[in-house]
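First the structure, in the form of structure tokens, and then the observations on it.
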């Protein structure tokens, strides 16, 4: 049941993301993260998916510090996770453009 709930909430979050309804997407990803599987391997992966979605939304809102923190939550679970590392590099580049 939790896996179905996670997937449903994650898909809902993605729909909101595509509609550029950033806060609704963040809320759905947050709920998806809370519904992550009990199985440690799945739970870690699923939580990272949610944190990356939240990070994306926060970048779109211009909240780079919060976005980086979301990506770092994923890295705390799965060190060297390539997607999060790439997004943190993107954030660094965006910060350079604004200084």
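Numbering (our numbering), first residue to last: 825 to 923.
No residue lacks a Cβ here, since even glycine has one placed at the ideal position from N, Cα and C.
- Secondary structure note for residue 882: its alpha helix (DSSP H) is the uninterrupted segment 864 to 884.
- Secondary structure at residue 903: coil, using DSSP grouped into helix, strand and coil.
- About 7 Å separates the beta carbon of residue 883 from that of residue 915, a gap short enough to meet the 8 Å contact definition.
- The DSSP-derived three-state label of residue 831 is helix.
- Counted as a single uninterrupted DSSP element, the stretch harbouring residue 861 is not any alpha helix (DSSP H), since DSSP gives it neither H nor E.
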